[in-house]
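The numbering used here applies: residue 7 is where the sequence shown begins, and numbers increase by one.
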Amino acid sequence: MVETKIWTAEELPDAVKALKRGALVSFPTETVYGLGADAYNERAVGKVYTAKGRPSDNPLIVHVADVEQVSDFAQVNEWAKTLMATFWPGPMTMILPVVPGVLSKTVTGGLDTVAVRLPANDLTRDLIRQVGSPLVGPSANTSGRPSPTLAKHVYHDLHGKIAGVLDDGPTKIGVESTVIDLSTDMPTVLRPGWITPEAIEEALGRSVMSQSRVLDPSEAPKAPGMKYRHYAPDKAVYMVGDDEWTQAIVWAQDQLSPVGLMLPNALIAKHQLAGMDFVWSLGDDARSAAANLFAGLRYFDDQKEVQTILVASMPAQSENAAYNNRLGKASGGHFASELWTD
Ligand code: TXA
Ligand code: MG
C-alpha cells in the first residue's frame, strides 16, 4: 500500500521522479485524467493494468510531449501529418502502424498498431518532456467506472495504488479523445469525441468511416476497449428523451428513495426543478453536458439514498455523439420509458 499524494504544479519534480523510478502518476489532460507510466518501462506499464483492474487485451494510448517523439515508435503517414497539424495538441488519438521492437506487448496488446496522443495540457507536456519518455495513459478510473474529470475522482478510485495525482483542476472537455484509425486505407473513427468526423473530413478532404456503437462482446472490436460496459456508476442509469421528462419526474416523485436527475438548464427551468435536491445541471449545451456527465454520475454514486439516476439524452447529431455514446454505455442502453411501461 502506497500513500497517494495530490501534487500541485509546483510539485511537478516529485511526479517526474516517481515516473522515472517506475511508479504510477495520474496526469491531467483536456479530456479526462490519465493514469501515467513510462511507456518504455514494461514493468511500470504492467502495473497500470493491475491498478485499474483493466483486461490485458485492451491496449493503451501513448502520450507524447511533441510531434517529433511519435516517430520513435510509430509510422507517421500523410493523413497523420495533416491531422497532427490541424488538431494537435488536442483531444484526438491516432492509431498508426507501430515501429517494430520499440514498445512492449504490454503497451500495444500485441497489435501491429499503436494509439498516440499529444494532449493539450502544458503541465502534462512538461511532465512527459522531463521524464524523457512517452507515457501510457488510460483514463485514471477503476475499469468500468466513469472516467475522472477531477483529481479527487482519481484519488477516490486509485488511492493506495498509485504514487500521486498531478492536480490541474477540472478537465475542460470531460469525455475521452476521438480515436481515429489511420492504419488502413479507410480512416475510421473508433470512438466518438469532441472532434467530429465532419471536422476530420474537412481537414483530410475525404470521407471517413465511423464505428461508434456498443459492440456485442462476441464481435471482434477494432478498438478493444469499446466492447466493455463502461463509464458506469454502481446505481441504475436510464436515458430520458427531451419529451419524456414530464413522465420521468412523475415517476421519480413516486419512488420511496430519491432519484438523481441529470438534465440541461433549459429542462430544469421548464420543469421548475431549479434549486431542488438531487438535480444535477448539465449546463447549456452539448459541450457543457459532456464536461459535466461523469462528475454527475459520480456525485449520485456517492449518495447512499439514491438508487436510480435519470439522465437527459441529446438529439442524435454529430456534436452530441460523444455524450450520447458515453451515456449509452453508462446506462447499458436502457431508457427510462422501460420504467413506466410494461
Ligand atoms: O482522452 C483520452 O483519450 C484519455 C486521456 C487520459 O488521454 N485516455 C483514454 O484512454 O481514454 P483509454 O485507455 O481509456 O482508452 C483508449 C482506447 C481504448 O478503447 C482502446 O481499446 C483503444 O483506445 N486503443 C488503444 N490502442 C489501440 C489500437 N492499437 N487499435 C485500436 N484501438 C486502440
Ligand atoms: Mg477509459
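Note that the Cβ used here is the ideal one computed from N, Cα and C, for glycine as well.
Close beta carbons around residue i, own chain, < 7 Å, minus the five adjacent residues each side
| i | result |
| --- | --- |
| L333 | M245, L299, V317, S319 |
| S62 | Y55 |
| I134 | H69, V70, A71, P140, L141 |
| K167 | A57 |
| A226 | Residue placement at A226 is flagged as unreliable, the pLDDT there being 47, under the threshold of 50; a coordinate-derived value is accordingly withheld. |
| E325 | T202, A292 |
First and last residue of the uninterrupted beta strand (DSSP E) at residue i
| i | result |
| --- | --- |
| Q123 | Contrary to the premise, residue 123 reads as Arg rather than Gln in this sequence. Residues 119 to 123. |
| D63 | Counting along the chain, D63 falls outside any beta strand (DSSP E), and DSSP gives it neither H nor E. |
| R131 | First-last for R131: 128 to 137, but that is the alpha helix (DSSP H), not the beta strand (DSSP E). |
| L41 | 40 to 44 |
Own chain residues within Cβ distance below 6 Å of residue i, not counting five before or after
| i | result |
| --- | --- |
| A29 | A169 |
| R131 | A71 |
| H206 | Reading off the sequence shown, one finds Ile at residue 206, where the question assumed His. Only V214 meet the Cβ criterion. |
| I315 | K241, V243, G266, F306 |
| W297 | At residue 297 the sequence reads Ala, which differs from the Trp that was named. So the list reads G180, once near-sequence residues are dropped. |
N- and C-terminal bounds of the alpha helix (DSSP H) containing residue i
| i | result |
| --- | --- |
| W346 | 343 to 346 |
| S294 | 292 to 307 |
| F93 | 84 to 93 |
| K111 | 111 to 114 |
| T252 | 251 to 260 |
| V312 | No alpha helix (DSSP H) contains V312, which DSSP labels as neither H nor E. |
| Y329 | 327 to 336 |
Pick from the options that is closest to residue i, judged by C-alpha positions
| i | options | result |
| --- | --- | --- |
| L129 | T177, G150, V122 | T177 |
| P193 | A297, W94, L102 | L102 |
| E36 | V120, P154, L66 | P154 |
| L288 | G175, N330, A258, S324 | N330 |
| M268 | D173, F284, E182 | F284 |
| L303 | A336, G175, V120, P106 | A336 |
Contact test: residue i Cβ vs ligand 3 heavy atom, cutoff 8 Å
| i | result |
| --- | --- |
| L30 | You won't find ligand 3 in this model; what it holds is ligand 1 and ligand 2. |
For the segment 160 to 176 against the segment 84 to 93, are there 3 or more C-beta pairs whose distance is under 8 Å?
-> Look at the beta carbons and you see the segment 160 to 176 not touching the segment 84 to 93: under three pairs across the two are nearer than 8 Å.
Segment contact flag, the segment 110 to 117 with the segment 14 to 34, C-beta cutoff 8 Å, min 3 pairs | no
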